[in-house]
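If you count by numbering that gives the first Met the number 0, then the sequence shown holds residues 0 to 184, one letter each, in order. See structure below.
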Amino acid sequence: MLKKPSKNIALFGGSFDPPHLGHMAVVLYLLKNYDEVWILPNYQHAFKNQQSPFKDRLKMCKISFKDFSKVKILDLEKNLSGYTIDTVRALKEAYPQAKFTWILGSDLLKEVDQWKEAKTLKKLIKFEKLARAPQMLSDFPPLSSTQVREKAKKKESLENLVVPTIEAYIRQKKLYQNPKTKNQP
0 MLKKPSKNIA
10 LFGGSFDPPH
20 LGHMAVVLYL
30 LKNYDEVWIL
40 PNYQHAFKNQ
50 QSPFKDRLKM
60 CKISFKDFSK
70 VKILDLEKNL
80 SGYTIDTVRA
90 LKEAYPQAKF
100 TWILGSDLLK
110 EVDQWKEAKT
120 LKKLIKFEKL
130 ARAPQMLSDF
140 PPLSSTQVRE
150 KAKKKESLEN
160 LVVPTIEAYI
170 RQKKLYQNPK
180 TKNQP
């Protein structure tokens with residue numbers, strides 16, 4: 000029996016609170032170099048206490064990337080500790096033939112040494128630094144989820160920041176209208 004070839008998979012984790020056009024541009028860029036991109040919205044962020052509910056962030060990721068055939072949205076972190084080391088171990092156990100690379104913005108790469116079991120983590124998985132827009136993608140304006148949340152809170156248009164279906168979801172669920180509380184399922 001032939002051995003199934005390993006896939007080269009980019010792991011793109013983050014809060015995705017909410018996912019915006021910059022995230023989509025990053026995924027398009029990554030798909031040029033990887034067989035697949037797996038999106039991992041974090042359930043609990045080790046350094047952020049307040050996020051929108053996980054179910055909403057997961058749903059917005061599914062909406063944003065629904066037309067990307069080589070993108071998977073994983074809810075793996077809801078059953079784990081929230082530490083990257085545990086996520087990586089779970090993925091390597093479930094998909095032993097996959098070649099994973101964890102994609103990080105240049106801002107987060109500086110923090111990896113502070114992560115739980117950082118030395119072990121660096122041995123288990125390759126990290127790739129991804130420059131933030133506009134350095135990486137000069138055709139796209141710099142975007143941040145913070146910018147989207149601030150505009151949504153003021154009930155301003157989110158055009159050119161998120162896809163229309165995400166803006167509709169944010170409005171329908173009244174996300175970002177009140178001060179955030181700790182992540183809820």
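The beta carbon of each residue, even a glycine, is placed where N, CA and C say it ideally should be.
With respect to L39, L75 sits close: the two C-beta atoms are nearer than 8 Å. By the C-beta criterion, the segment 107–123 is judged not to be in contact with the segment 19–30, since fewer than 3 inter-stretch pairs fall below 8 Å.
Of the residues assessed, S144 falls on the buried side of the cut-off, its CB having 16 or more other CB atoms within 10 angstroms. Within the same chain, Cβ atoms closer than 6 Å to the Cβ of R148 are found at Y175, the five residues on either side in sequence being excluded. Pairing S63 with V162 gives a Cβ-Cβ distance under 8 Å. Remark: fewer than three beta-carbon pairs, one from each stretch, lie closer than 8 Å, so the segment 48–60 and the segment 90–100 are not flagged as touching. Taking a C-beta distance under 8 Å as the contact criterion, N41 and G104 do not qualify as a contact pair. Bounds of the beta strand (DSSP E) holding G13 are 7–13.
A Cβ-Cβ distance of about 11 Å is found for the pair W37 and F67, leaving them out of contact under the 8 Å criterion. A Cβ-Cβ distance of about 7 Å is found for the pair K98 and I8, placing them in contact under the 8 Å criterion.
Only residues of its own chain outside the window of five on either side were considered, and among them Y168 have a CB closer than 8 Å to the CB of K58, listed in chain order.
Using a Cβ distance threshold of 8 Å, L108 and L20 do not count as a contacting pair.
Here I124 carries a coil assignment [DSSP, helix/strand/coil]. In the three-state reduction of the DSSP assignment, F67 falls in the coil class, being assigned neither a helical nor a strand state. Pairing L160 with L29, the inter-Cα distance amounts to about 20 Å.
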